[in-house]
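Q: Using my numbering, you'd call the opening residue of the sequence shown number 6 and step up by one each time.
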Amino acid sequence: LSFAPPLIDSLILPPTPNPQGHTQDTNTYFLCRTLRSLGVQVCRVSVVPDEVATIAAEVTSFSSRFTHVLTAGGIGPTHDDVTFEAVAKAFGDELKPHPELEAATKALGGEGLEKLSLVPSSARLHYGTDPRTGRPFRFPLVSVRNVYLFPGIPELLQRVLEGLKGLFQNTAVQFHSRELYVAADEASIAPILAEAQTYFGRRLSLGSYPDWGSNYYQVKLTLDSEEEGPLEECLAYLTAHLPQGSLVPYMPDAVEQASEAVYKLAESGRCPLGEGQHAPGHW
């Protein structure tokens, strides 16, 4: 794999039933967050139906434009699992049974899974390590050129990407992020945000997201950059120019984070609660 700093352009192409609304997509969210933590910038997401010609056209187009193309779904044993066939069509390849995949499907049970071993003849196999068990995956990730074909089941997709992070890790880039929570109407701070974008726009990305359901803030601001310096400068600028007192302390998922902290403290054996203290009449 060749990396071109400062960014790797990557694309996620999930051929799922989402256009009909039969499933809720969580894969895009997970992939975007995880790839970003690896130094990968996701530039395009395309949702397509399970149609060979449509998927093949997207793969052909995006494979030539992006460093990596990740697909999610359409690689199972049923009639509507056509991603392998579509990728083969995209590259003028043909489906052939792969000996290693034939052995893997037999180990998984074999019956009804034969289709899983039919992959483009130029396919490569990547065996990762299951982060939960520490053991190698029983079934590999298949890739063709710069296209990586992930399973669509969220639990499997997450485990596969966690176990094969090295395929996409870009050590030349580390993204830095900050979040600010503002208790002011978005329209009232829009001129300040526009000025900040003018001053810092080439060195960072500034996002504004109103939240009408929060009791604590009205707008969440996000700052993203490949360098710490621009973030700190923009933070100082916003702190100085936003309405006085409008920046509020806020911790997303505070209850969950507090619970995790309590459990970790208890597991460490350093929790002082109850140590050497007994209620009268109790031992």
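Where a beta carbon is used, it is the ideal one built from N, C-alpha and C, also for glycine.
Could you check if A93 is buried or exposed, using at least 16 other CB atoms within 10 Å of its CB as the buried criterion?
A: Here residue 93 is taken as the residue at index 88 of the sequence shown, counted from 1. Looking at its Cβ environment, which holds 16 or more other Cβ atoms inside 10 Å, A93 is buried.
Q: Would you tell me roughly how many angstroms separate the C-alpha atoms of S273 and L252, rounded to the nearest one?
A: Translated into positions along the sequence shown, residue 273 becomes position 268. Translated into positions along the sequence shown, residue 252 becomes position 247. S273 and L252: Cα-Cα distance of roughly 35 Å.
Q: Which of the three DSSP states, helix, strand or coil, is assigned to L12?
A: Sequence index remark: in the sequence shown, residue 12 carries index 7 (1-based). For L12, the predicted model reports a pLDDT of 45, less than 50, meaning its position is unreliable; a value from the coordinates is still stated below. Three-state DSSP puts L12 in coil, outside helix and strand.
Q: Quick one, are the C-beta atoms of Q223 and V178 less than 8 Å apart?
A: If you number the sequence shown from 1, residue 223 lands on position 218. If you number the sequence shown from 1, residue 178 lands on position 173. In this structure, V178 does not lie closer than 8 Å to Q223 by Cβ.
Q: Candidates D216, L100 and R137: which alpha carbon is nearest L166's?
A: Here residue 166 corresponds to residue number 161 of the sequence shown, with the count starting at 1. Taking only the C-alpha atoms, the option nearest L166 is R137.
Q: Helix, strand or coil for R164, going by three-state DSSP, please let me know.
A: Stepping through the sequence shown from its first residue, residue 164 is reached at position 159. Correct three-state label for R164: helix.
Q: Counting C-beta neighbours from all protein chains within 10 Å, is the total for E233 16 or more, i.e. buried, or is it exposed?
A: Translated into positions along the sequence shown, residue 233 becomes position 228. By the neighbour-count rule (16 or more Cβ atoms within 10 Å), E233 is not buried but exposed.
Q: Strictly by DSSP, which residues pair up with V224?
A: Position 219 of the sequence shown, counting from 1, holds the residue named residue 224. V224 is bridged to V187 and P215.
Q: Going by alpha carbons, who is nearest to K101 out of E119, N32 and Q163?
A: For the purposes of this step, residue 101 is taken as the residue at position 96 of the sequence shown. Looking at the Cα atoms, E119 is the closest of the given residues.
Q: Of the residues V57, E63, E99 and Y153, which one's Cα is nearest the Cα of H73?
A: The residue labelled residue 73 in the question sits at position 68 within the sequence shown. Cα-wise, what sits closest to H73 is Y153.
Q: Between the Cα of C239 and those of G114, D190, E105 and R207, spot the shortest distance and give me the residue it belongs to.
A: The sequence position of residue 239 within the sequence shown is 234, counting from 1. The option with the nearest alpha carbon to C239 is R207.
Q: Around the Cβ of D55, are there at least 16 other Cβ atoms within 10 angstroms (buried) or fewer (exposed)?
A: Position 50 of the sequence shown, counted from the first residue, corresponds to residue 55. D55 comes out buried.
Q: Any idea which residues DSSP pairs D229 with across the strands?
A: Indexing the sequence shown from 1 puts residue 229 at position 224. S182 and S210.
Q: Where do the ends of the alpha helix (DSSP H) carrying R5 lie?
A: This structure gives no information on residue 5, because the portion of the chain shown stretches from 6 to 288.
Q: I'd like the list of long-range same chain contacts for H131, defined as Cβ closer than 7 Å, with 5 residues on each side in sequence excluded.
A: Translated into the one-based positions of the sequence shown, residue 131 becomes position 126. Here the set comprises P145, L146, S148, L169 and L172.
Q: Bridge partners of V92, per DSSP?
A: In the sequence shown, the residue the question calls residue 92 occupies position 87. Paired residue(s): none; V92 is not in a bridge.
Q: For H84 and R164, what's the separation of their Cα atoms in angstroms?
A: For this step, residue 84 is matched to residue 79 along the sequence shown. For this step, residue 164 is matched to residue 159 along the sequence shown. When rounded, the distance between both Cα atoms is 25 Å.
Q: Apart from the five residues just before and just after E107, which ones in its own chain have a Cβ nearer than 7 Å to its Cβ?
A: Residue mapping note: residue 107 aligns to position 102 of the sequence shown, counting from 1. Hits under 7 Å: S122.
Q: Bridge partners of H84, per DSSP?
A: On the sequence shown, position 79 is the one that residue 84 refers to. Answer by DSSP bridge pairing: none, since H84 is not bridged.
Q: Could you check the C-alpha separation between S230 and T110 for me, to the nearest Å?
A: Here residue 230 refers to the residue found at position 225 of the sequence shown. Here residue 110 refers to the residue found at position 105 of the sequence shown. Each residue's alpha carbon lies about 44 Å from the other.
Q: Just the C-alpha distance for P105 and T76, rounded to the nearest angstrom, thanks.
A: To locate residue 105, count along the sequence shown from 1; it is residue 100. To locate residue 76, count along the sequence shown from 1; it is residue 71. The question names Pro, but residue 105 in the sequence shown is Glu. Going from the Cα of E105 to the Cα of T76 covers about 21 Å.
Q: Report the CB separation of L228 from S193 in whole angstroms; it is logged as a contact under 8 Å.
A: The residue given as residue 228 occupies position 223 in the sequence shown. The residue given as residue 193 occupies position 188 in the sequence shown. Contact flag wrong, Cβ pair sits at about 19 Å.
Q: Compare the Cα-Cα distances from E184 to each of S210, V124 and L226 and report the closest residue.
A: Position 179 of the sequence shown, counting from 1, holds the residue named residue 184. Here the closest residue by C-alpha is L226.
Q: Given this structure, state the Cα-to-Cα distance separating V45 from E99, to the nearest angstrom.
A: As a working note, residue 45 is residue 40 in the sequence shown. As a working note, residue 99 is residue 94 in the sequence shown. Roughly 30 Å between the two C-alpha positions.
Q: In angstroms, rounded to a whole number, what distance separates the CA positions of V57 and Y34?
A: Position 52 of the sequence shown, counted from the start, is the residue given in the question as residue 57. Position 29 of the sequence shown, counted from the start, is the residue given in the question as residue 34. Whole-angstrom Cα-Cα distance: 25 Å.
Q: Mapping the DSSP letters down to three states, classify S51 as helix, strand or coil.
A: What you label residue 51 is simply residue 46 of the sequence shown in a count that begins at 1. Assigned with DSSP and collapsed to three states, S51 falls in coil, not helix or strand.
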